[in-house]
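Notes for the one structure printed next.
Residue numbers (this note's numbering): 1 to 213.
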């Protein structure tokens, strides 16, 4: 495993995936901040950090589940005619559906950010929060929605890197943990940098379209 993790392909995938996880996590940070800002000031930092840590745990659990499905490469349905041969497996379905979702989500995000960049923020601001627990629940729901493209990106990036799916899973988990740690430590600085350079986020979303293909 050490040999795999220290290979040039794995290191490049780790760096690229960590970068994309941070880019994809910017909106998450914004929405977590909006949810946290509805609480008293002394609770905002705590709910933000707890929200990000729970988000990390949630993403790792989803990674295990999706990676398990991708590992099911044995066909469960076959069609074999003279003019067509088709084999369906959970791996093929997840990768195909995930690719379509990434293409759709990325193009939609780019369009929204160009035409109405504050749409999602306004929607979150409209939801009332009265307690610490409500803030955590809202953060987890928001993160679950944003986790889908994040996880599919990770699976698409690491698919085929190693024949051992456990190695790919470990690489994805490392990228998620590193990105969350960076976001906890530098959330405000990262957000300000992206706000000043919105083209960085557009670039990251454009890269997701390539992964979708």
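The C-beta atom is built at its ideal place from N, Cα and C for all residues, glycine as well.
Which one of 152, 197, 7, 24 has the shortest CA to CA distance from residue 96? Here residue 96 refers to the residue found at position 96 when the chain shown is read from its first residue. The residue with the shortest Cα to Cα distance from residue 96 is 152.
With residue 5 as the anchor, note down where its alpha helix (DSSP H) starts and where it stops. As a working mapping, residue 5 is identified with position 5 in the chain shown. Where residue 5 is concerned, the enclosing alpha helix (DSSP H) stretches over 2-5.
Tell me the residue span of the beta strand (DSSP E) that contains residue 74. On the chain shown, position 74 is the one that residue 74 refers to. No beta strand (DSSP E) contains residue 74, which DSSP labels as neither H nor E.
Applying the 10 Å Cβ sphere with the 16-neighbour rule, what's the burial state of residue 45? Here the question's residue 45 lines up with position 45 in the chain shown. Under this definition residue 45 is an exposed residue.
One question on the structure: do residue 69 and residue 180 come within less than 8 Å of each other, judged by their Cβ atoms? Position 69 of the chain shown holds residue 69. Position 180 of the chain shown holds residue 180. Cβ atoms of residue 69 and residue 180: not closer than 8 Å.
Pairwise C-alpha distance: residue 165 and residue 58: As a working note, residue 58 is residue 58 in the chain shown. As a working note, residue 165 is residue 165 in the chain shown. Answer to the nearest angstrom: the Cα atoms are 20 Å apart.
Beta-carbon within less than 7 Å of residue 184's beta-carbon, same chain only, minus the 5 sequence neighbours each way: which residues are those? Against the chain shown, residue 184 aligns to sequence position 184. Here the set comprises 49, 52.
Residue 168: buried (16+ other C-beta within 10 angstroms of its C-beta) or exposed? The count along the chain shown starts at 1 and reaches residue 168 at position 168. Residue 168 should be labelled buried.
Check residue 161 in the structure and name its three-state DSSP category. For the purposes of this step, residue 161 is taken as residue 161 along the chain shown, with counting starting at 1. The answer is coil: DSSP assigns residue 161 none of H, G, I, E or B.
Rounded to whole angstroms, how far is the Cβ of residue 176 from the Cβ of residue 56, which I believe are closer than 8 Å? Stepping through the chain shown from its first residue, residue 176 is reached at position 176. Stepping through the chain shown from its first residue, residue 56 is reached at position 56. At roughly 6 Å, the Cβ-Cβ gap stays under 8 Å, so residue 176 and residue 56 are in contact.
Cut-off 7 Å between Cβ atoms - residues of its own chain near residue 144, not counting five sequence neighbours on either side: Residue 144 sits at position 144 when you count from the first residue of the chain shown. Excluding sequence neighbours, residue 144 sits near 58.
Where do the N-terminal and C-terminal ends of the beta strand (DSSP E) with residue 88 fall, by residue? Counting from one through the chain shown, the residue named residue 88 turns up at place 88. Unbroken beta strand (DSSP E) run through residue 88: 85-88.
Would you list the residues sitting across from residue 223 in a DSSP beta bridge? Given a span of 1 to 213 for the chain in the structure shown, any question on residue 223 remains unanswerable.
Taking the straight line between their C-alpha atoms, what separation do you get for residue 110 and residue 88? Translated into positions along the chain shown, residue 110 becomes position 110. Translated into positions along the chain shown, residue 88 becomes position 88. Going from the Cα of residue 110 to the Cα of residue 88 covers about 32 Å.
Same chain, Cβ closer than 6 Å to residue 4, five either side skipped, listed in chain order: For the purposes of this step, residue 4 is taken as residue 4 along the chain shown, with counting starting at 1. Closer than 6 Å at Cβ, skipping near neighbours: 10, 162, 167.
Does the Cβ-Cβ distance between residue 63 and residue 154 come in under 8 Å? Taking the chain shown and counting its residues from 1, one reaches residue 63 at position 63. Taking the chain shown and counting its residues from 1, one reaches residue 154 at position 154. Against a cut-off of 8 Å, the Cβ pair of residue 154 and residue 63 comes out as a contact.
Tell whether a beta-carbon distance below 8 Å holds between residue 54 and residue 173. For the purposes of this step, residue 54 is taken as the residue at position 54 of the chain shown. For the purposes of this step, residue 173 is taken as the residue at position 173 of the chain shown. No. Outside cutoff.
Please confirm whether residue 32 and residue 148 have their CB atoms less than 8 Å apart. Sequence index remark: in the chain shown, residue 32 carries index 32 (1-based). Sequence index remark: in the chain shown, residue 148 carries index 148 (1-based). No, Cβ-Cβ distance for residue 32 and residue 148 is not below 8 Å.
Proximal residues to residue 7 (C-beta, below 8 Å), its chain only, five neighbours per side dropped: Counting from 1 along the chain shown, the entry for residue 7 is found at position 7. Contacts found: none.
Distance, Cα to Cα, residue 171 vs residue 66? Locating residue 171 in the chain shown gives position 171, where the first residue counts as 1. Locating residue 66 in the chain shown gives position 66, where the first residue counts as 1. Each residue's alpha carbon lies about 14 Å from the other.
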